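*Asks:*
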Amino acid sequence: MTDKTDEILIEEFQNGDITAYNQLVYRYKDRLLNYIHQFVYDIDLAEDLLQDTFLKLYTHKNSYRKIAKFSTWIYTIAGNFAKTELRKKKRRKTYSNSELAFSESELIVPDTSNEPDKDILNNSLKSDLKECLSNLPLDFKTIIILRDIQELSYDEISIIVELPLGTVKSRINRARLKLYECLKEKKVV
Amino acid sequence: MNKDFDIMISSYLDEELSLKDKKIFENYMDNHPEFLAKVKHIKRIINLVNQTPRLETSQDFLHNLEENISQKSTFNYWFTPQFKTSFSFTVAVLALFFVVFNDYNVKKEFSSADEDFNKQTLVDIKSDTLKNDNFLIQQVKGKKHNK
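Just so you know, the sequences run in chain order A and B. Using our numbering, the first residue of the first sequence is number 1, and each one after it goes up by one. Using our numbering, the first residue of the second sequence is number 1, and each one after it goes up by one.
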């Protein structure tokens, strides 16, 4: 792979270099899939939305301006697709509990310890945590995903969610406290 | 007081606090075991959220994307400036051709109608002349007979 920055690659793509586009897709496909999946909890739907995201990148390449980081721009596009899909689902009123459930593969925890009790505890905590995370209000959920799963900086999150840095910091804190309270209610912490 | 420190938890865990605030925060934790436990739990939660199993795109994802792009490109061609220009040019040429052709046909129709009219007029004049000639001959014959 190349050491070129995302910003150089998008510039090359804007100048007609399709290999630069392929490299960007390769770089971001899994990261964005995980990001979108945290909203929709459906791997096929998440892939479809990811296809839409990369199609938009392809057709609207010139909408990107150098003033922003490429990552914040592409995360914004992917997030908008995911949120629009969520709104559509709510409008259709077919938001069943199954959509909030998790697939079996998601609950598989890598075997990191030989202590079975600890594993069971971890599994339970993880599944409860996922449930708490999925029940967070969308604004909080988005911010937690961006910070604690995607590991973006406060500045990047601030640009993606279009909120001042101070608000982002306080929302991250409140979201984490909400998760803590939720797990406390479930008596897992 | 606890609420003030609650606000600082994430900043502390993300190492965003100033040295001075960090000392105050840690001092508070040392004196409040319950709060210390809460901070530890939140740190664990962050770690667990971060350890969420990572998904990977399916094997045919890139192939599907390629197909979608080629479909989109064909569809988008209809909206490209080049297509719009060539389409407008073609329409303009066709329109011009239609106007010219139509004008030519109209003129042709008019001229053939004129020709028909002229021919008919000639025929009418001829027949009128013949009638007049006959009438005159008959008149002359009649005068001679009277004499």
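Every residue gets a Cβ at the ideal spot worked out from N, C-alpha and C, and that includes glycine. Predicted model only: the values in this text are computed from it and were never measured.
(1) Within the continuous alpha helix (DSSP H) that includes residue 40 (chain A), where are the two ends?
(2) Distance check for residue 99 (chain B) and residue 109 (chain B), CA to CA, integer angstroms please.
(3) So, are the CB atoms of residue 70 (chain A) and residue 10 (chain A) less than 8 angstroms apart?
(4) From residue 111 (chain B) to residue 131 (chain B), what distance separates their C-alpha atoms?
(5) Per DSSP, what kind of secondary structure is residue 125 (chain A) in: helix, strand or coil?
(6) Quick one: does residue 65 (chain B) have its CB under 8 angstroms from some CB of chain A?
(7) So, using beta-carbon positions, are residue 55 (chain B) and residue 50 (chain A) closer together than 8 angstroms?
(8) How would you call residue 75 (chain A), buried or exposed, if buried means at least 16 neighbouring beta carbons within 10 angstroms?
(9) Within its chain, find whatever has a CB closer than 6 angstroms to the CB of residue 20 (chain A); leave out the 5 residues flanking it on each side and keep chain order.
(10) Three Cβ pairs or more, each shorter than 8 angstroms: is that satisfied between the region 45–52 of chain B and the region 144–162 of chain A?
(11) The region 72–90 of chain A: which residues have C-beta closer than 8 angstroms to a C-beta of chain B, in chain order?
(12) Run through DSSP, which three-state label would residue 7 (chain A) get?
(13) Can you name, in chain order, every residue of its own chain whose Cβ lies under 7 angstroms from the Cβ of residue 59 (chain A), other than the five neighbours on each side?
(14) Under a CB-based cut-off of 8 angstroms, is residue 37 (chain A) close to chain B?
(15) Whose CA, out of B:41, B:91, B:103, B:124, lies closest to the CA of residue 176 (chain A)?
(16) Starting from residue 23 (chain A), find everything on chain B with Cβ-Cβ shorter than 8 angstroms and list it in chain order.
(17) For residue 88 (chain A), which of A:40, A:123, A:142, A:25 has the nearest alpha-carbon?
(18) Please determine if the region 169–186 of chain A and the region 21–35 of chain B are in contact, where contact requires at least 3 C-beta pairs separated by less than 8 angstroms.
(19) Would you grab the beta carbon distance between residue 47 (chain A) and residue 58 (chain B) for me? Rounded to a whole angstrom, and I think it's under 8 angstroms.
(20) Of all the residues that make up the region 46–70 of chain A, which are near chain B by a beta-carbon distance shorter than 8 angstroms?
(21) So, at 8 angstroms on beta carbons, what are the nonlocal neighbours of residue 17 (chain B) in its own chain, with the 5 sequence-adjacent residues on each side left out?
(22) CA-CA distance, residue 53 (chain B) and residue 79 (chain A)?
(23) For chain B, is any of its Cβ atoms less than 8 angstroms away from the one on residue 146 (chain A)?
(24) Taking all protein chains shown into account, decide if residue 38 (chain A) is buried (16 or more other Cβ within 10 angstroms of its Cβ) or exposed.
(25) Of the residues B:5, B:91, B:66, which one's Cα is nearest the Cα of residue 31 (chain B)?
(26) Do you know how far the Cα of residue 123 (chain A) is from the Cα of residue 137 (chain A)?
(27) Could you tell me the alpha carbon to alpha carbon distance between residue 92 (chain A) and residue 134 (chain A), rounded to whole angstroms?
*Replies:* Taking the geometry as given:
(1) One-based indexing of the first sequence puts residue 40 (chain A) at position 40. Start and end: 18–40.
(2) Position 109 of the second sequence, counting from 1, holds the residue named residue 109 (chain B). Position 99 of the second sequence, counting from 1, holds the residue named residue 99 (chain B). One C-alpha to the other measures close to 15 angstroms.
(3) Position 70 of the first sequence holds residue 70 (chain A). Position 10 of the first sequence holds residue 10 (chain A). Cβ distance < 8 angstroms, so residue 70 (chain A) and residue 10 (chain A) count as in contact.
(4) Locating residue 111 (chain B) in the second sequence gives position 111, where the first residue counts as 1. Locating residue 131 (chain B) in the second sequence gives position 131, where the first residue counts as 1. Spanning the two alpha carbons is a distance of roughly 30 angstroms.
(5) Translated into the one-based positions of the first sequence, residue 125 (chain A) becomes position 125. Three-state result, residue 125 (chain A): helix.
(6) Your numbering for residue 65 (chain B) matches position 65 in the second sequence. Yes, residue 65 (chain B) lies at the interface with chain A (some Cβ there is under 8 angstroms from its Cβ).
(7) The sequence position of residue 55 (chain B) within the second sequence is 55, counting from 1. The sequence position of residue 50 (chain A) within the first sequence is 50, counting from 1. Contact flag unset, no.
(8) Taking the first residue of the first sequence as 1, we reach residue 75 (chain A) at position 75. The residue in question, residue 75 (chain A), is buried, as its Cβ has 16 or more Cβ neighbours within 10 Å.
(9) As a working mapping, residue 20 (chain A) is identified with position 20 in the first sequence. Counting only Cβ-Cβ distances below 6 angstroms, and skipping sequence neighbours, we find 9, 12, 13.
(10) yes
(11) none
(12) Against the first sequence, residue 7 (chain A) aligns to sequence position 7. In the structure shown, residue 7 (chain A) sits in a helix (DSSP, three-state: H, G or I).
(13) For the purposes of this step, residue 59 (chain A) is taken as residue 59 along the first sequence, with counting starting at 1. Cβ neighbours of residue 59 (chain A) beyond the five flanking positions: none.
(14) Locating residue 37 (chain A) in the first sequence gives position 37, counting from the first residue. For residue 37 (chain A), the answer is yes, since a Cβ of chain B falls inside 8 angstroms of its Cβ.
(15) Taking the first sequence and counting its residues from 1, the one referred to as residue 176 (chain A) is at position 176. The candidate whose alpha carbon is nearest that of residue 176 (chain A) is B:41.
(16) The residue given as residue 23 (chain A) occupies position 23 in the first sequence. Under the 8 angstroms cutoff, chain B gives no residues; its nearest Cβ is about 12 angstroms from residue 23 (chain A).
(17) The residue given as residue 88 (chain A) occupies position 88 in the first sequence. Looking at the Cα atoms, A:40 is the closest of the given residues.
(18) no
(19) One-based indexing of the first sequence puts residue 47 (chain A) at position 47. One-based indexing of the second sequence puts residue 58 (chain B) at position 58. Contact flag correct, Cβ pair sits at about 6 angstroms.
(20) 46, 47, 50, 51, 54, 55, 58, 59
(21) Position 17 of the second sequence holds residue 17 (chain B). Excluding sequence neighbours, residue 17 (chain B) sits near 8, 11, 25.
(22) Here residue 53 (chain B) corresponds to residue number 53 of the second sequence, with the count starting at 1. Here residue 79 (chain A) corresponds to residue number 79 of the first sequence, with the count starting at 1. Roughly 20 angstroms separates the two Cα atoms.
(23) Along the first sequence, read from residue 1 onward, the residue named residue 146 (chain A) stands at position 146. Output row for residue 146 (chain A): interface = no.
(24) Taking the first residue of the first sequence as position 1, residue 38 (chain A) is located at position 38. Under this definition residue 38 (chain A) is a buried residue.
(25) Start at 1 with the first residue of the second sequence, and residue 31 (chain B) comes out as number 31. Of B:5, B:91, B:66, the residue nearest in Cα terms is B:5.
(26) Stepping through the first sequence from its first residue, residue 137 (chain A) is reached at position 137. Stepping through the first sequence from its first residue, residue 123 (chain A) is reached at position 123. If I take the Cα positions, the gap works out to 24 angstroms.
(27) Locating residue 92 (chain A) in the first sequence gives position 92, where the first residue counts as 1. Locating residue 134 (chain A) in the first sequence gives position 134, where the first residue counts as 1. Rounded to whole angstroms, residue 92 (chain A) to residue 134 (chain A) spans 19 angstroms at the Cα level.
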